[in-house]
Amino acid sequence: MTKKGGNTDRWFIGLSRLGLVLFVAFPVLWSACSGSKNEVVKGFDNAAEVPTLRTLGVETLISDSGITRYRIKAPEWLIYENAKEPYWFFPKGLYVEKFDSVFATEALIQGDTATYFKNKQLWRLDKNVRIENTKQEVFLTSQIFWDQRKREIYSDSFIHIETPDEVIEGYGFTSNEQMTRYVIRRTSGIFPIKRDTVPADSLQGDTLVPQKTPAAPPKQTKKS
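FYI, the numbering for the sequence shown is 78 to 301, going by the working numbering.
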């Protein structure tokens, strides 16, 4: 089943532009980020192991058609241009946030560390990786890859997905860049969310309670 609609379309456009920001704009961000400290490293014998550029306190807003659409944060950004395989490394985490027209968070991507392999056009995020899309779905995993050339996102690690209706867990998944069509290679559980209605005067509102279903044999689950 394929779901179509305004949110999905906006997420496709937004993520495509976000990819442009990450893969194209980052090389010039270090010179434009207010408050950032840039250090060009020179004169080391082991040049391949030493960053050619170190930038601290990266935090910038990026506009589209005059409207602020993205916020990018990275406490530390290292560029290894002399490595055998040139790469960028964000040892203290990377956070990218997308805003809607009223500056509310619409989607985000973050990880404790991030690496961009320049020649392969491949991103890798590690530890406490979190992705949220405009369909109110949340993806949690320990490692994720984003292949710009193949236009896909994938992982071999445990994945926890929260949707408005259910929680899905499994090992290994592949998704399109929009994170709207994905396949979990080995499902370990699907937990429906039960909404328990409470009195209207309660301050708690509706309570979401995951209801665990009996375990089923591992299978491939396709989300569309």
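For every residue, glycine included, the Cβ atom is placed at its ideal position computed from N, Cα and C.
key: Check whether Gly249 and Arg263 have beta carbons under 8 Å apart   = What you label residue 249 is simply residue 172 of the sequence shown in a count that begins at 1. What you label residue 263 is simply residue 186 of the sequence shown in a count that begins at 1. Between Gly249 and Arg263, the gap from beta carbon to beta carbon is short of 8 Å.
query = Is it buried or exposed for Thr192, if we count other Cβ within 10 angstroms and need 16 for buried?
reply = Within the sequence shown, the letter at position 115 stands for residue 192. Only buried fits Thr192, as 16 or more other CB atoms lie within 10 angstroms of its CB.
ask   = With 16 as the cutoff for other CB atoms within 10 Å, does Ala151 come out buried or exposed?
value = In the sequence shown, counting from the first residue as 1, residue 151 sits at position 74. Its Cβ being crowded by 16 or more others within 10 Å, Ala151 is buried.
N-terminal and C-terminal residue of the beta strand (DSSP E) that Pro128 is part of = Reading the sequence shown from its first residue, position 51 is the one you call residue 128. Per DSSP, Pro128 belongs to no beta strand (DSSP E) and is neither H nor E.
ask   = Counting along the chain, where does the beta strand (DSSP E) carrying Phe180 start and finish?
value = Locating residue 180 in the sequence shown gives position 103, counting from the first residue. Per DSSP, Phe180 belongs to no beta strand (DSSP E) and is neither H nor E.
inquiry  = Please report the distance separating the alpha-carbon of Ser232 from that of Ser252.
reply    = Position 155 of the sequence shown holds residue 232. Position 175 of the sequence shown holds residue 252. Going by C-alpha positions, Ser232 is about 9 Å away from Ser252.
inquiry  = Quick check: what's the CA-CA separation for Phe194 versus Asp177?
reply    = For the purposes of this step, residue 194 is taken as residue 117 along the sequence shown, with counting starting at 1. For the purposes of this step, residue 177 is taken as residue 100 along the sequence shown, with counting starting at 1. Each residue's alpha carbon lies about 30 Å from the other.
message = My output table needs one value for Gln187: the three-state DSSP class, helix, strand or coil.
response = For the purposes of this step, residue 187 is taken as residue 110 along the sequence shown, with counting starting at 1. Reduced to three states, the DSSP call for Gln187 is strand.
ask   = Could you give the distance in angstroms between the alpha-carbon of Arg207 and the alpha-carbon of Thr129?
value = Here residue 207 is taken as the residue at index 130 of the sequence shown, counted from 1. Here residue 129 is taken as the residue at index 52 of the sequence shown, counted from 1. Cα to Cα, Arg207 sits roughly 29 Å from Thr129.
query = How far does the beta strand (DSSP E) with Arg201 in it reach, from first residue to last?
reply = As a working mapping, residue 201 is identified with position 124 in the sequence shown. Residue range 199-209 is occupied by the beta strand (DSSP E) that includes Arg201.
Terminal residues of the beta strand (DSSP E) in which Gly170 lies = The residue given as residue 170 occupies position 93 in the sequence shown. Careful: Gly170 lies outside any beta strand (DSSP E) and carries neither H nor E.
inquiry  = Considering only DSSP beta bridges, list what Thr192 is partnered with.
reply    = To locate residue 192, count along the sequence shown from 1; it is residue 115. Paired residues: Phe166, Arg201.
ask   = Do Phe268 and Val244 have their C-beta atoms within less than 8 Å of each other?
value = As a position in the sequence shown, residue 268 is number 191, starting the count at 1. As a position in the sequence shown, residue 244 is number 167, starting the count at 1. Cβ atoms of Phe268 and Val244: closer than 8 Å.
ask   = Three or more C-beta pairs closer than 8 Å, one from the segment 143-150 and one from the segment 172-186: is that the case here?
value = Here the segment 143-150 makes contact with the segment 172-186; the two share three or more CB pairs at distances below 8 Å.
ask   = Beta-carbon of Ile156 versus every beta-carbon of chain C: anything under 8 Å?
value = Annotation note: the requested chain C is absent from the structure, which comprises a single protein chain.
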